[in-house]
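Here's the structure, in structure tokens; my notes come after.
Numbering (the working numbering), first residue to last: 129 to 266.
Structure, rendered in structure tokens:
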């Protein structure tokens with residue numbers, strides 16, 4: 129009788145159905161989490177790229193000041209550097225403020241220049257820093 133009962137099985141039992149749905153839910157949840165994390169990381173990378181471009185632009189401004197205005201240095205510091213520091217608002221799906229700061233130290237024959245771009249990300253301050261040494265300063 130047991131062989132006849134097993135041989136006439138035409139459908140899934142309730143337990144098999146519940147187990148299958150459970151497996152699909154676990155796999156679906158894992159894939160959803162993976163997708164959300166991937167999108168979040170892609171957005172963070174996009175923001176970091178924008179910040180790096182801003183830092184690069186600011187570094188080029190510093191180099192241009194050095195090339196066009198040799199009198200921009202007094203006592204080892206830029207006199208016009210403060211006018212280059214500030215904030216920029218860029219929209220990347222949502223409005224985001226980037227704060228830039230350029231500093232120059234040890235400016236005799238060479239000058240160490242540092243540009244920092246900061247922004248708020250997930251309640252914390254993130255930043256990108258570019259450093260360079262400009263030789264043949266004056």
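Note that CB positions come from ideal geometry on N, CA and C, so glycine has one too.
Model, not experiment: these values are computed from the prediction.
Collapsing the DSSP output to three states places residue 234 in coil. Residue 161 sits in a helix when the DSSP states are folded into three classes. DSSP places residue 252 in the uninterrupted beta strand (DSSP E) bounded by 252-262. Taking C-beta separations shorter than 6 Å and ignoring five residues to either side along the sequence, residue 170 has no partners in its chain.
Contact annotation, residue 253 with residue 242: C-beta distance approximately 17 Å; criterion of less than 8 Å not satisfied. Residue state for residue 228 is assigned as strand, using DSSP reduced to three classes. Pairwise C-beta distances place the region 227-238 out of contact with the region 158-174, as fewer than three of them are shorter than 8 Å.
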